[in-house]
Every structure is written in structure tokens, then in C-alpha cells.
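Enquirer: Here it is, the structure, as C-alpha cells.
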Amino acid sequence: MFDYKLLSALAAVVEQAGFERAAQVLGLSQSAVSQRIKLLEARIGQPVLVRATPPTPTDIGRRLLNHVQQVRLLERDLQSQVPALDEEGMPERLRIALNADSLATWWAEAVSGFCAEQHLLLDLVVEDQTVGLKRMRAGEVAACICASERPVAGARSLLLGAMRYRALASPAFIARHFPQGVRADQLARTPALVFGPDDFLQHRYLASLGVDGGFEHHLCPSSEGFIRLAEAGLGWGLVPQLQVREQLEKGVLVELLPDKPIDVPLYWHHWRSGGQLLGLLTEHLAQACGQWLVPLE
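Residue numbers (the UniProt record's numbering): 1 to 297.
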């Protein structure tokens with residue numbers, strides 16, 4: 001059997017980003033929290049934390065955190081039926097992986113009311129939509145948004161819709177690189193913008209135009225920075241339509257091939273044993289996301 005006092009200490013240290021604040025939340029001395037972590041590590045025979053600033057969980061530590069989160073969700077369901085069991089009245093916390101473009105566009109508006117109503121705190125992990133599912137597979141998060149339909153064992157997936165991306169660049173960039181008009185075969189020979197090494201959206205886009213192989217590109221792991229680089233004329237890139245309506249209206253950014261958008265499906269994955277709160281969030285997203293995402297064709 002797990003000693004949940006030890007697991008709660010681990011969760012508090014990670015969530016509060018340090019032993020001192022974890023001790024304040026738990027009503028213990030900092031030394032007592034440290035002793036609980038050491039006892040937990042002694043019992044499982046390996047470290048659960050990397051002692052850095054802030055402390056970060058090891059692989060086994062992340063799995064234990066995910067277990068604690070699922071237990072909390074199930075306890076929350078029981079407390080709603082037996083209110084006397086809820087002695088602390090603390091808000092629930094969900095650890096969710098999602099892609100940076102969703103975070104930069106529709107996510108906040110979609111969940112703000114739900115979080116307020118349900119007294120819910122979010123612990124967000126930013127991953128590219130093509131690899132977010134690895135966090136579920138590793139047991140690190142209770143849910144994730146990614147482009148893969150197939151869920152991991154013990155989880156379910158739900159199609160939320162698709163994010164529409166358009167190939168954009170600044171007018172100056174277009175004038176410099178495409179003076180005779182934009183041609184698909186020229187795109188691979190002009191600097192592109194790529195979010196990170198796991199971002200293959202530009203590759204997919206070029207392949208859909210019949211262009212294979214490598215291409216020149218900058219790496220920019222920031223949704224907001226990506227837009228700034230495009231506006232400054234450093235390269236062309238695929239940008240969520242939701243994120244650049246103002247720039248398109250003002251002509252700050254211009255679409256390279258207006259009839260060639262690309263849609264990226266977004267699936268919501270969640271643990272089957274996530275409890276009522278996770279189920280309610282799933283229902284909420286299923287109803288709300290149509291305001292921002294397009295139907296998948």
C-alpha cells in the first residue's frame with residue numbers, strides 16, 4: 001500500500017516549486033517535508049526528485065504524481081457525495097499537456113469559466129501536438145491535446161476539431177523572395193519558420209504541394225515569437241488562422257497560397273479512471289470547441 005502522506009509531500013514540493021512553500025501548504029516544517037521525500041525514496045529504492053531550483057520529478061516521480069492526481073480526482077467524486085470527508089476544501093489540480101498554438105489561441109477562453117465554476121487549477125505542460133501523447137504514455141499527465149486519434153491503454157480520445165493553419169509571410173519577405181509571384185517549388189529554397197525539432201507541419205505542407213526533401217528554416221519554440229519573426233521578415237511559416245486575424249486584416253502578414261490552408265486535427269485524450277471532474281471537463285470541451293476549431297474534413 002502507498003503511504004499517501006509521502007505522496008502528498010512529493011506533489012506539494014513539485015506543485016509549489018520548492019520545499020519551503022510545500023511545507024507551508026502542508027502545515028509542516030521544511031525538515032519534515034524533506035524527511036517524507038527521503039522516506040518515499042528509500043521505500044521505492046530510487047530518487048523521486050531532482051534537487052534543482054525548482055525541484056523537478058524524476059521519471060518514477062512523474063508516475064507517482066500522476067497516480068496522486070488520479071486518486072485526488074476519485075476522492076473528489078466521493079467528497080461530493082459525502083461532504084464531511086472534505087476537510088481541506090482545497091482546489092483540485094489537473095496536469096494537462098497541450099500544444100503551444102492552442103495555448104496561444106483558444107484554450108484560455110474555452111476553460112476559464114469551467115475552472116472558476118469547478119474550483120480547478122491547471123498544471124499545463126506545453127508539447128507539440130504531434131508528441132503530446134508521450135506524456136500520457138509516461139503517466140505524467142491526466143489528459144492531453146494532440147493530433148493522434150489512437151489513445152494509450154486505459155485512456156479515451158475525443159475529436160475536438162481542427163486548427164486551420166495558413167502559410168504566411170511579411171509583404172517585404174514576399175517581395176524579396178517571390179518578385180514574380182509565389183510558386184510551391186520555391187518555398188523549400190526560402191527560409192521557413194519551424195516551432196521545434198518535433199514540428200513537422202511545414203514538411204507536411206510542402207509534401208502536400210509536391211515538394212519533398214529538406215528546406216531552409218529557423219527554429220523558434222514560441223508561438224508569439226514565431227509571429228514576431230514572420231512579421232519581421234525572417235521567414236515564412238504556417239500560423240494558426242485564429243492567431244493572426246488582425247495581422248491579416250492590416251496586411252502585416254500576407255498569405256502565400258490563399259487556396260492552400262492545412263488543417264491539424266486536435267484530439268482530447270483523458271484517463272478512463274479520471275473521475276467525474278475529468279469527465280465534466282471532457283463534456284465541456286466537446287460542446288465549446290466548435291467556437292474556435294473547424295470541422296475535420
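Every residue gets a Cβ at the ideal spot worked out from N, C-alpha and C, and that includes glycine.
CA-CA distance, Gln24 and Leu10?
Expert: 14 Å
Enquirer: Mind listing, in chain order, the continuous alpha helix (DSSP H) runs of no fewer than 4 residues lying wholly within the region 127-208?
Expert: 133-137, 171-177, 184-187, 201-208
Enquirer: Compute the distance between the beta-carbons of Gly235 and Pro191, then report whether it is under 8 Å.
Expert: Yes, Cβ-Cβ distance for Gly235 and Pro191 is below 8 Å.
Enquirer: Quick check on the DSSP output: the beta strand (DSSP E) that includes Gly237 runs from which residue to which?
Expert: 237-240
Enquirer: Give the DSSP-derived three-state secondary structure of Arg272 in the structure shown.
Expert: coil
Enquirer: For Leu120, which residues from the same chain have a beta carbon less than 6 Å from its beta carbon, with the 5 sequence-adjacent residues on both sides left out?
Expert: Glu92
Enquirer: Indicate the three-state DSSP secondary structure (helix, strand or coil) for Thr105 in the structure shown.
Expert: coil
Enquirer: Quick one: is Leu219 buried, meaning 16 or more other Cβ sit within 10 Å of its Cβ, or exposed?
Expert: exposed
Enquirer: Sort Ala167, Arg166, Gly210, Arg62 by Cα distance to Asp123 and report the nearest one.
Expert: Arg62
Enquirer: For Arg204 and Phe195, what's the separation of their Cα atoms in angstroms?
Expert: In a straight line, the C-alpha of Arg204 is about 14 Å away from that of Phe195.
Enquirer: Do Val14 and Val33 have their C-beta atoms closer together than 8 Å?
Expert: The answer is no: Cβ separation not under 8 Å.
Enquirer: Over the uninterrupted alpha helix (DSSP H) stretch that includes Ala32, give me the two end residues.
Expert: 30-44
Enquirer: Assuming contact is defined by CB atoms lying nearer than 8 Å, are Leu49 and Ile37 in contact in what I supplied?
Expert: yes
Enquirer: In chain order, what residues of the same chain lie with their CB nearer than 7 Å to the CB of Cys144, ignoring the 5 residues before and after it?
Expert: Residues of the same chain with a CB within less than 7 Å of the CB of Cys144, apart from the 5 flanking positions on each side, are Ile96, Ala97, Leu98, Gly132, Leu133, Arg135, Met136, His269 in chain order.
Enquirer: Starting from Tyr267, follow its DSSP beta bridges and name the residues at the other end.
Expert: Cys146, Leu159
Enquirer: For the alpha helix (DSSP H) that Ala52 lies in, which residues bound it at each end?
Expert: Counting along the chain, Ala52 falls outside any alpha helix (DSSP H), and DSSP gives it neither H nor E.
Enquirer: Any idea what DSSP makes of Leu10, helix, strand or coil?
Expert: Leu10 falls in the helix class under three-state DSSP.
Enquirer: Can you check whether the CB of Leu201 is closer than 8 Å to the CB of Val264?
Expert: yes
Enquirer: If you pair each beta-carbon of the region 167-182 with each one of the region 146-157, do three or more pairs fall below 8 Å?
Expert: no
Enquirer: How should Ser208 be labelled, buried or exposed, when 16 other C-beta atoms within 10 angstroms of its C-beta is the threshold for buried?
Expert: exposed
Enquirer: State yes or no: is the C-beta of Gln70 within less than 8 Å of the C-beta of Gly274?
Expert: yes
Enquirer: List the residues that DSSP assigns as beta-bridge partners of Val252.
Expert: Per DSSP, Val252 has no beta-bridge partner at all.
Enquirer: What number of angstroms, rounded off, separates the C-alpha of Asp101 from the C-alpha of Pro258?
Expert: Going by the C-alpha atoms only, they are around 21 Å apart.
Enquirer: If you measure between the beta carbons of Leu229 and Phe215, is that distance less than 8 Å?
Expert: no
Enquirer: Drop a sphere of 10 angstroms on the beta-carbon of Arg72, count the other beta-carbons inside from all chains shown, and report buried for 16 or more, exposed for fewer.
Expert: buried
Enquirer: Could you check if Gln243 is buried or exposed, using at least 16 other CB atoms within 10 Å of its CB as the buried criterion?
Expert: buried
Enquirer: Mind checking Gly113: buried by the 16 CB within 10 Å criterion, or exposed?
Expert: The residue is exposed, with fewer than 16 neighbouring Cβ atoms inside 10 Å.
Enquirer: Note down the Cα distance separating Arg245 from Gln291, rounded to an integer number of angstroms.
Expert: 15 Å
Enquirer: Does DSSP classify Asp123 as helix, strand or coil?
Expert: strand
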